[in-house]
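Novice: The numbering of the sequence shown is my numbering, which starts it at 6 and goes up by one. Beta carbons: idealized from backbone N, C-alpha and C, even for Gly. Can you keep this structure in mind? I'll have questions shortly.
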Amino acid sequence: TKAYYTKTSNKRIPAAGTQGTIIDSLIINLSEASSDINFFVAINHGRSSDLDIVLIAPNGDSVKVFGNKSANSQDNNVITVFDDDADSALIDGRYASFYCKLKPENSMNSIFSGDNLKGFWKIKIRDEVAANTGFLCAWGIQVNEMDIRAKNLNLSALIQGFYDSTTNIMTPD
6 TKAYYTKTSN
16 KRIPAAGTQG
26 TIIDSLIINL
36 SEASSDINFF
46 VAINHGRSSD
56 LDIVLIAPNG
66 DSVKVFGNKS
76 ANSQDNNVIT
86 VFDDDADSAL
96 IDGRYASFYC
106 KLKPENSMNS
116 IFSGDNLKGF
126 WKIKIRDEVA
136 ANTGFLCAWG
146 IQVNEMDIRA
156 KNLNLSALIQ
166 GFYDSTTNIM
176 TPD
C-alpha cells in the first residue's frame with residue numbers, strides 16, 4: 006500500500022437508481038512520465054457482469070480495464086490489481102472475486118506510456134443493467150513500479166526575533 010496513491014470512496018454504484026455511471030478522482034503530484042501503471046480497485050456489487058470500469062489519465066487518455074465479466078463465485082465483487090504484466094488474463098467465469106493481479110481488458114501501459122502522471126486521475130464505473138447496485142469501496146494507482154510513493158511537504162518558516170526598522174536588521178530575541 007505504500008506504493009499506491011489510494012482513495013477510499015464508499016460511493017454507490019450507480020449514484021441513484023439501479024443503472025448509471027459514477028466518476029471518482031484522485032490526484033497524483035508527481036511530475037514525471039508514465040512507464041508502468043498498476044490499478045487497484047475494490048468494488049462490492051451484486052453482479053460484476055453489469056459493470057464497465059475505465060481508468061482516465063489527467064490528459065484524457067482512457068483505458069477500459071474491465072468490461073462485463075462474471076466471476077466464478079457467488080459474490081461477484083471485483084477486488085484486484087490490474088497489471089499489464091500479470092500472469093492471468095481476465096476471462097469470463099475464470100477469475101475469483103478477490104484476485105491478486107489480473108491483466109486488464111485493454112493494455113494500460115500502451116495507452117498511458119509517456120503521459121505526465123501529474124494531475125487528477127479518474128475512475129469511471131458504468132452499471133449497464135438495471136437490477137443490482139453496489140459500492141466503490143476504494144481504488145488506487147501505482148506508478149512506474151515504485152516501492153514507496155513520493156510524499157510532498159509544504160513548509161513555511163518564520164524567523165523569530167525583533168525587527169529594527171531603522172537599521173532594517175532582524176535581531177535575535
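Taking three-plus beta-carbon pairs below 8 Å as touching, is the stretch 56 to 63 in contact with the stretch 126 to 135?
Specialist: A contact exists between the stretch 56 to 63 and the stretch 126 to 135.
Novice: Going by beta-carbon coordinates alone, are Ile48 and Leu122 separated by less than 7 Å?
Specialist: No, the Cβ-Cβ distance between Ile48 and Leu122 is not below 7 Å.
Novice: Whole alpha helix (DSSP H) runs in the stretch 125 to 157 with 4 or more residues, listed along the chain?
Specialist: Qualifying alpha helix (DSSP H) stretches: none in this window.
Novice: Count Cβ pairs between the stretch 21 to 41 and the stretch 134 to 154 that sit closer than 8 Å; are there 3 or more?
Specialist: Taking 8 Å as the limit for Cβ pairs, the verdict is that the stretch 134 to 154 does touch the stretch 21 to 41.
Novice: So, helix, strand or coil for Asn15, using DSSP?
Specialist: DSSP places Asn15 in strand when its eight states are reduced to three.
Novice: Just to confirm, are Glu37 and Phe71 a CB contact at a threshold of 7 Å?
Specialist: Result no, Cβ atoms of Glu37 and Phe71 do not sit closer than 7 Å.
Novice: What are the boundary residues of the beta strand (DSSP E) that includes Ser30?
Specialist: Start and end: 25 to 33.
Novice: Just how far apart, CA to CA, sit Ile61 and Ala162?
Specialist: The alpha-carbon atoms of Ile61 and Ala162 are separated by roughly 38 Å.
Novice: To the nearest angstrom, report how far apart Val148 and Asn173 are at their CA atoms.
Specialist: If I take the Cα positions, the gap works out to 49 Å.
Novice: Name the DSSP beta bridge partners of Thr176, please?
Specialist: Bridge partners of Thr176: Phe167.
Novice: If you compare alpha carbons, which of Tyr9, Ile18, Asp90, Gly124 is closest to Asp66?
Specialist: If we check each option's Cα against that of Asp66, Gly124 comes out closest.
Novice: Out of Leu107, Tyr9, Thr11, Leu35, state which residue places its alpha-carbon closest to the alpha-carbon of Leu158.
Specialist: The option with the nearest alpha carbon to Leu158 is Leu35.
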